[in-house]
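Enquirer:
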Amino acid sequence: MTISLCDLPAHQLVRKLRDGECTAAEILQSTLDRIQAVEGSPPTTHAAGKESHDAGDIHAYITLTTERARLQAKRIDQALAQGEDPGPLAGIPLAVKDIFCVEGTPSTAGSKILANFVAPYSATPVQRLEAAGAVTLGKVNLDEFTFGSSNESSAFQPSPGNPWDSARVPGGSSGGSAAAVAAGEAVISLGTDTAGSIRQPAAFCGVVGLKPTYGRVSRYGLIAFASSLDCPGPVTRDVRDAATMMNVIAGKDAHDATAVRSPVPNHLEGLEDGVKGLRIGISPDYFRLKYPDPESGDLQEQPIAADIDERVRGAAEILAKMGAEIVEDVTLPNTRYGIPVYFVVSRVEAASNLHRYDGVKYGYRYPEPVADLRELYRRSRGKGFGPQPKLRILMGMYVSAEQYEKGYYQKALRVRTLIRGDFDRIFDPQDDYALDGLLTATTPTTAFPLGAVYGDSVLMQYADLLTVPANLAGVPGLSIPAGFDTQGLPIGIQFLGADFSEAKLLRIGRAYEMATADESWRKLRPDMLQNV
Amino acid sequence: MIAVEVIVTRESRDYGLDEISEDVFRHLVELAAFHLEDDEAAYLRRELNGQLKAIRELDAIEVGADVPITSHGVPFAAAMRLPLRQDRIEPSTAADDILEQAPDVEERSIIVPDIPHEEIT
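Read top to bottom, the protein sequences are chains W and Y. Numbering of the first sequence is given in the working numbering, commencing with residue 501 and proceeding in unit increments. Numbering of the second sequence is given in the working numbering, commencing with residue 2 and proceeding in unit increments.
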């Protein structure tokens, strides 16, 4: 396989660009050529699903913004020619999850109800990435309104395939982001993580994904799902690129009152300082959990997949050899309540956020004659939303209804306090554990086949079993590749940390990357890229 | 296979739970302003009851009123927050762009069908 410019991490490309070894236009062209080779037919709201002729294709992009990208690349090359600093992400092809507004582009949320919506402004993290020199290639597919863990619920079909096996899902909801970065169709991507939507697809596709602390990155311009859980964050080839993206996107924003003004550290500083003296925990509560049996659907206590278990424990050994202190048997007893709490909290917030789509001010309007405004709402929302938004709205309304609210919503918010308390305790420097990070698997299984889970909304939700506690608690989580299972599918491991400890998590992740840099699995590339 | 507009590939299960009865479901659908076909309604109700079964896992834990609620995970101390902006009118140049998004516009007004009402005599 020939390594093209589009296969390199951003930090190598920026160096080449600054050294005059290539131009931004060449990096862009290399990425466009890759898209041409592997993308296949563009997803649309008219297609029924994946046809046989789509097998082997990625279908990551809902919208390509090629002309915008060419102009941006040209400006970068001009700036360099004039001796100006074009920014830390100069010339880096960026895929934006289509849940972010990007001025002048269709911003669809993967939904028919927003399929014709053109954003009048850009989201803050997108603005910051473009100001740092990133070249916006387009908007990538996702589960409808981010509601899913496989990307199959998008109204834009065919949904993306996993570059490592296109008959399997890339994960979700940032499935287009992870698939595009893994296949060389973008070098970096901006995703969002509400229950694991950056980390789970990153794990499934063998790339790096970081969910920042809630409030670290502005949500301005992000089409809202669950406002107390949504976190924009990076999807990249390696840890260094995730650190660079964090330096660019993190920080206060006058347009988002929940974006904190705490100073943003330089996430690249000390990145390669290693893990000597750091305390890294592993918890039995992340190895054996209650989740539905795929056949019967019954909730039962089961271990995570054996290959994944092995990789997590192997990572602990590697980090121990590098000088980390591994703390075993860390207890987080409320981990098992993560999904039930999320089922309640996220639905209530989603229902609140999704009442605004009415077919009147923007988006899809039912085109046939209707009797009155009420029927217009019902028909527009009935046709415009797919089953996943409908499920979330209905459940959110049910569990927050006056007669049920105390038993469901309030209880879930109280259990959320206990989940947060688990993390407060293990990361408290005064506590016995006093951890710098918690090492877990990112997912209980590797990527599952397309069609194997979608439709069973309970089983699908449990794909986020190991990632959702961090969202409920607000703490940061980093997923990095850690090898492959016996079927050749990527395995991800996750590091969780205290609020605003992204730099430390990246340092731990980078240490693992350095220690495993020469392992044979690091050389593997998806089969589909062998002939491009 | 469920005949809803967006493909659903896995047959949904019967969870043996009917907490959300047909009547409750119809009420929710009316409040949510959805027009649903019968097969889609049946699928959604079955899934909602399945999700409630998962939510019932919370029954296993006693949580007293002394445990405060957490509306978002990270404590949001005043020192971390930006002061609220002044409530100031600022000119916007995007009004036409925004109006262009509306499905039906006439002379810069958004057109809607009749609003349900009763004549007062």
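Glycine is no exception: its CB is placed at the ideal position from the N, C-alpha and C atoms.
Does chain W have any CB closer than 8 Å to the CB of residue 86/Y?
Expert: Interface residue, yes.
Enquirer: Using the DSSP secondary-structure output, state which residues sit across from residue 789/W in a beta bridge.
Expert: 802/W.
Enquirer: Using the C-alpha atoms, what's the distance from residue 81/Y back to residue 977/W?
Expert: The straight-line gap from Cα to Cα measures roughly 21 Å.
Enquirer: Against residue 694/W, what residues of chain Y qualify as contacts under a CB-to-CB distance less than 8 Å, listed in chain order?
Expert: Neighbours of residue 694/W on chain Y: none; closest Cβ ~12 Å, over 8 Å.
Enquirer: Answer with buried or exposed for residue 660/W, where buried requires no fewer than 16 other C-beta atoms within 10 angstroms of its C-beta.
Expert: Buried is the call here.
Enquirer: Grouping DSSP H, G and I as helix and E and B as strand, with all else coil, what is residue 544/W?
Expert: It is a strand residue.
Enquirer: Determine the DSSP secondary structure at residue 1020/W, reduced to helix, strand or coil.
Expert: In this structure, residue 1020/W counts as helix in the three-state DSSP scheme.
Enquirer: If we cut at 8 Å on Cβ distances, does residue 561/W have a partner in chain Y?
Expert: Cβ-Cβ to chain Y under 8 Å: no for residue 561/W.
Enquirer: The beta strand (DSSP E) with residue 112/Y in it runs from where to where?
Expert: It is not in any beta strand (DSSP E) - residue 112/Y carries neither H nor E in the DSSP assignment.
Enquirer: Does residue 636/W come out as helix, strand or coil in the three-state DSSP assignment?
Expert: It is a strand residue.
Enquirer: The alpha helix (DSSP H) spanning residue 531/W covers which residue range?
Expert: Counting along the chain, the alpha helix (DSSP H) containing residue 531/W begins and ends at 524 to 538.
Enquirer: What separation, rounded to the nearest whole angstrom, lies between the Cα atoms of residue 757/W and residue 896/W?
Expert: Their Cα atoms are separated by approximately 24 Å.
Enquirer: So, does the stretch 86 to 100 of chain Y touch the stretch 932 to 950 of chain W, judging by three or more C-beta pairs under 8 Å?
Expert: Taking 8 Å as the limit for Cβ pairs, the verdict is that the stretch 932 to 950 of chain W does not touch the stretch 86 to 100 of chain Y.
Enquirer: What are the partner residues of residue 689/W, as DSSP defines its beta bridges?
Expert: Per DSSP, 595/W, 735/W.
Enquirer: Below 9 Å on C-beta distance, what does residue 27/Y contact in chain W?
Expert: Within chain W, no residue comes near residue 27/Y; the closest Cβ sits about 11 Å away, beyond 9 Å.
Enquirer: What does DSSP give as the partner residue(s) for residue 941/W in the beta ladder?
Expert: According to DSSP, residue 941/W bridges with 993/W.
Enquirer: Roughly how many angstroms lie between the CA atoms of residue 120/Y and residue 871/W, to the nearest whole one?
Expert: Between residue 120/Y and residue 871/W, the C-alpha separation is close to 16 Å.
Enquirer: Residue 910/W touches chain Y at which residues, Cβ-Cβ below 8 Å?
Expert: 70, listed in chain order.
Enquirer: Can residue 941/W and residue 993/W be called in contact, C-beta distance under 8 Å?
Expert: Result yes, Cβ atoms of residue 941/W and residue 993/W sit closer than 8 Å.
Enquirer: Under a CB-based cut-off of 8 Å, is residue 91/Y close to chain W?
Expert: Answer no: the Cβ-Cβ gap between residue 91/Y and chain W never drops below 8 Å.
Enquirer: May I ask you to report which of helix, strand or coil DSSP gives residue 752/W?
Expert: Three-state DSSP puts residue 752/W in coil, outside helix and strand.
Enquirer: So is residue 699/W buried or exposed if we call it buried at 16+ other beta carbons inside 10 Å?
Expert: Buried, by the Cβ-count rule.
Enquirer: By the 9 Å beta-carbon criterion, what residues does the stretch 972 to 987 of chain W contribute toward chain Y?
Expert: The residues in question are 972, 973, 974, 975.
Enquirer: Following the continuous beta strand (DSSP E) through residue 561/W, name the residue where it begins and the one where it ends.
Expert: Note, residue 561/W: beta strand (DSSP E), 561 to 564.
Enquirer: For the stretch 740 to 757 of chain W, which residues have a CB atom closer than 7 Å to at least one CB atom of chain Y, in sequence order?
Expert: The stretch 740 to 757 of chain W vs chain Y, Cβ under 7 Å: 752, 754, 757.
Enquirer: Would you kindly work out how many angstroms separate the C-alpha atoms of residue 622/W and residue 606/W, rounded to a whole number?
Expert: In a straight line, the C-alpha of residue 622/W is about 11 Å away from that of residue 606/W.
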